[in-house]
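So the protein sequences, as listed, match chains A and B. For what it's worth, our numbering labels the leading residue of the first sequence as 1, then goes sequentially. For what it's worth, our numbering labels the leading residue of the second sequence as 600, then goes sequentially. Input: a single structure, listed below in structure tokens.
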Amino acid sequence: MFRSARSIVVATWVWSLCIALLQASAVANAANAKPADGDDGQWSMPAKDYAATRYSGLAQITRANAHGLRPVWTFSTGVLGGHEGQPLVVNNTMYVVTPWPNVLYAFDLTKEGYPLRWKYRPATSPNAIGAACCDSINRGAFYADGKLFYNLLDGHTVAIDARTGHELWNTQVADVGSGETTTMAPLVVRDRVIVGAAGGEFGIYGWLKALDAASGKVIWTARNIGPDAEMLIHPDTFRPPYGEGTDQGATSWENSAWKTGGAPVWGWLSYDADLDLVYYGTGNPSPYNSEQRVGDNKWSNSVLARRPGDGALIWAYQFTPHDNWDYDSTGAMVLVDVKVNGRPVKALVHFDKNGFQYVLDRATGKLINATAYVQLNWAKSVDLATGRPVLDPARQTGATKGNVKDICPSLEGGVSPASPPAYSPRLSLFFTSTNNFCMNYEASRSTYLKGTPYIGANIPYTAGPGGHLGALMAWDASAAKKVWEIDEPLPSWSGVLATAGDVVFYGTLDGWFKSVDATTGKVLSKFKVGSGVVGNPMTFKGPDGKQYVAVYAGIGGDWSLLAGDLHSDDPADVRAPMDMVKQMARHSSQGGIVWIFGL
Amino acid sequence: MDIRAVIAVNTADGVISRAIRVASIVSCVLLVACSKHETKQSDAATDRPPAIRYEAHIAAGGKPPVGGELVNPLRGDPAAARNGAALFSAMNCDGCHGGDGSGWVGPSLADGRWRYGGADEEIFTSIYYGRPKGMPAFGGAIGAAAIWNLVTYLKSLPPPADVPTESWEE
Chain A
1 MFRSARSIVV ATWVWSLCIA LLQASAVANA ANAKPADGDD GQWSMPAKDY
51 AATRYSGLAQ ITRANAHGLR PVWTFSTGVL GGHEGQPLVV NNTMYVVTPW
101 PNVLYAFDLT KEGYPLRWKY RPATSPNAIG AACCDSINRG AFYADGKLFY
151 NLLDGHTVAI DARTGHELWN TQVADVGSGE TTTMAPLVVR DRVIVGAAGG
201 EFGIYGWLKA LDAASGKVIW TARNIGPDAE MLIHPDTFRP PYGEGTDQGA
251 TSWENSAWKT GGAPVWGWLS YDADLDLVYY GTGNPSPYNS EQRVGDNKWS
301 NSVLARRPGD GALIWAYQFT PHDNWDYDST GAMVLVDVKV NGRPVKALVH
351 FDKNGFQYVL DRATGKLINA TAYVQLNWAK SVDLATGRPV LDPARQTGAT
401 KGNVKDICPS LEGGVSPASP PAYSPRLSLF FTSTNNFCMN YEASRSTYLK
451 GTPYIGANIP YTAGPGGHLG ALMAWDASAA KKVWEIDEPL PSWSGVLATA
501 GDVVFYGTLD GWFKSVDATT GKVLSKFKVG SGVVGNPMTF KGPDGKQYVA
551 VYAGIGGDWS LLAGDLHSDD PADVRAPMDM VKQMARHSSQ GGIVWIFGL
Chain B
600 MDIRAVIAVN TADGVISRAI RVASIVSCVL LVACSKHETK QSDAATDRPP
650 AIRYEAHIAA GGKPPVGGEL VNPLRGDPAA ARNGAALFSA MNCDGCHGGD
700 GSGWVGPSLA DGRWRYGGAD EEIFTSIYYG RPKGMPAFGG AIGAAAIWNL
750 VTYLKSLPPP ADVPTESWEE
């Protein structure tokens, strides 16, 4: 499974470099890596910390002892949708949000067998299932000040009393009838609960909203596309790193196509307290046929930096202008300090669906570096002076261009935004799932009909070279290069956990949960968890003082649709397997299982 | 009837050229088709909703409830099937059910198996009124006549062999 001895040599070389940089970066990252409550024994927000590192300082599980990891507890959620997201652990209670119908479970970790303290069953509308593009998934809850905040698939945000399980408020934020669903995990900054909606396949008018944490009242709504007034762009505070001009979110779409232009928010948010900026990525412009929306289509496929207080947009950077490959930019924006050309940079690091890994200055949005982290061919490079990709003219798509073949990566992304990376400040390394396939893209004219898909493309996939469809990769953002890689036979759809024990954790679509030596990529332990993993591992300290690692098993999201034959629960729906992944259903079926591992 | 008018009235957000083009072809066919075939409960000319019973349901006491019979006025009509195929794409059915109805986020419509019954009138009711788990009600947007075309298209798909076994053994 390993990439050859050469990787190890590279790893050793990088490891030496890492040690040299270790001192400085560890200090620099300490502030970012700290969770809201400053306690590595707990996990109170989706990505562990505001910087979105998914790194825990717990170090009982090490490279030396991880081979002894074993399951210590398991629980069936009773739900079969894709179990994305991650559990939270706060005050010796583990909180688990299921896919639709979005049950919230609270497990008492102080009692044998971890019995439920309570469960909360919202009246989530089943209509939302059909408006969700890619399975009825949920990406988790956020804990703050004794409350749990999370989204129901049908466009509601709820606040739940963490002690009693009682609903404190329930606010409708999105309209399922317009194709909006809410799959993302909220980010809470001070008294603001920040949420967005999915719907890039339904021609929504994408937005971000801030709700008052005490009352649930919507305080501001900022559009991701459209005129400045609706995007909360003020001329005196908006400083985009490239290209001045008013109403760019409207003028970069011919025929006012922004009105049904998508730019959803279904990924991960991060926050820098010093700059007081919330960062989030926007998804694809609608429809997939780009000829119905001529122009750059700002600010779809972009990272936006907003003030949480009033929502004002401070800067925005577009990764993929005029997207004609469905390269959403909703993946995590990881806020860490990295050295580039020997110079320390307060950076935002992002692995985009389009196959480039970006380093931006997180204060200004200026592009510092962009490097291909997987095989790609839609662009040759990214011009650091203009911030724009240098395109391959032969791989531009549109209804008049017919079937454009062999575009890499596929629209599933070099990595799926659903699979967030981790960053170890000890090693100055990122760890991320990757995918290895390409696509043929045949666009056609699409009709906007409210509440129905607005796509206009037929896009079969082909396997990339190398005989593997996915991988887990260690990446050095300073050197802009891969350090090691573990090839996977199937696409890799898991988030990653990094720990101070220099052990990283991830799961696979064929149902393995693995611990890996963060320095070499050697697998230290693996266990078959009953269903493919599309969730994100997390770690916590139990009431017994021991370190545990938790993860969901429950294949879903795109692959539960693409594979064709993973479902066994509907006798009225029988499909042939997708040629590329005929083995997937051999090793996994749907499931919904919470696992805890320990030594 | 003129489906163009129905679409113009019923979709406030506007349906753009392709749908209307397709619909105008469909309406020509339907003007002929509907004049020949009277439906007992559904009136395609006024888009009055049907009141029917579901033959596939279990009847308590073995006694089916009183309900009308709904008849596909275009049953087996190849032109209607072709129009239905165009509508299947133009009305974004393929966005959920996949190209050729092979299944995506919505169930396969080409496997010969049906959640809510596969008789013409049952498929009609599914499209016209929608179903739980997110199947939108299309009756308001495109009306009964266009939906009969869709039904005729789906019923024209070649029935596959029902293969309940999938094997990975060599």
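Heads up, the beta-carbon is just placed ideally off N, CA and C, and yes, glycines get one too.
Where residue i falls: helix, strand or coil (DSSP)
i                 : result
VAL750 of chain B : helix
PHE723 of chain B : helix
GLY283 of chain A : coil
HIS83 of chain A  : coil
CYS470 of chain A : According to the sequence displayed, residue 470 of chain A carries Gly and not Cys. The answer is strand: DSSP assigns GLY470 of chain A an E or B state.
HIS156 of chain A : strand
VAL581 of chain A : helix
GLN375 of chain A : coil
PRO421 of chain A : coil
ILE741 of chain B : helix
GLU442 of chain A : strand
GLU201 of chain A : coil
PRO677 of chain B : helix
ASN91 of chain A  : coil
Residue i classed as buried or exposed, judged by whether at least 16 other C-beta atoms fall within 10 angstroms
i                 : result
THR157 of chain A : buried
ILE657 of chain B : exposed
GLU485 of chain A : buried
ARG70 of chain A  : exposed
PRO99 of chain A  : buried
HIS67 of chain A  : exposed
ASN102 of chain A : buried
Inter-residue spacing [alpha-carbon to alpha-carbon] between residue i and residue j
i                 : j                 : result
THR764 of chain B : ILE741 of chain B : 38 Å
ASN138 of chain A : ALA379 of chain A : 32 Å
ASN691 of chain B : GLY697 of chain B : 9 Å
ARG652 of chain B : VAL670 of chain B : 12 Å
MET333 of chain A : LYS546 of chain A : 31 Å
ALA479 of chain A : ASN255 of chain A : 43 Å
TYR715 of chain B : PRO706 of chain B : 11 Å
VAL762 of chain B : ASP565 of chain A : 12 Å
LEU232 of chain A : ALA159 of chain A : 26 Å
THR246 of chain A : ILE407 of chain A : 34 Å
LYS754 of chain B : ASP719 of chain B : 7 Å
GLY387 of chain A : TYR242 of chain A : 7 Å
PRO491 of chain A : MET580 of chain A : 10 Å
Endpoints, alpha helix (DSSP H) assigned at residue i
i                 : result
LEU269 of chain A : First-last for LEU269 of chain A: 269-272, but that is the beta strand (DSSP E), not the alpha helix (DSSP H).
LEU562 of chain A : 558-562
GLU180 of chain A : GLU180 of chain A -> no alpha helix (DSSP H), and no H or E assigned at all.
MET231 of chain A : 228-231
HIS350 of chain A : Looking at the DSSP string, HIS350 of chain A is not in any alpha helix (DSSP H); the run it does join, the beta strand (DSSP E), is 343-351.
ILE657 of chain B : That residue, ILE657 of chain B, is in no alpha helix (DSSP H); it is neither H nor E in DSSP.
THR650 of chain A : The structure shown does not extend to residue 650 of chain A, since chain A is modelled only from 1 to 599, so the question has no answer here.
Beta strand (DSSP E) segment containing residue i, residue limits
i                 : result
SER433 of chain A : 429-435
LEU367 of chain A : 367-372
ASP693 of chain B : Note, ASP693 of chain B: premise wrong, no beta strand (DSSP E); alpha helix (DSSP H) at 692-696.
ASN170 of chain A : 167-172
Chain B within 8 Å of residue i, Cβ atoms only
i                 : result
GLU201 of chain A : yes
ARG586 of chain A : yes
TYR454 of chain A : yes
ASN32 of chain A  : Only weak support exists for where ASN32 of chain A lies, its pLDDT of 38 falling under 50; the value from the coordinates is given anyway. Answer no: the Cβ-Cβ gap between ASN32 of chain A and chain B never drops below 8 Å.
GLY564 of chain A : yes
GLY155 of chain A : no
GLY130 of chain A : yes
PRO571 of chain A : yes
THR447 of chain A : yes
CYS408 of chain A : no
LEU561 of chain A : yes
VAL415 of chain A : no
PRO126 of chain A : yes
Within chain E, partners of residue i - CB distance below 8 Å
i                 : result
GLY451 of chain A : The displayed structure is made up of protein chains A and B, and chain E is not among them.
Short CB-CB distance (under 8 Å) between residue i and chain A
i                 : result
TRP747 of chain B : no
ALA740 of chain B : yes
PRO757 of chain B : no
ARG620 of chain B : Reliability of the predicted coordinates at ARG620 of chain B is poor, the pLDDT of 37 falling under 50, and the value obtained from them is presented with this limitation in mind. With 8 Å as the cut-off, ARG620 of chain B does not count as an interface residue toward chain A.
PRO731 of chain B : yes
ARG674 of chain B : no
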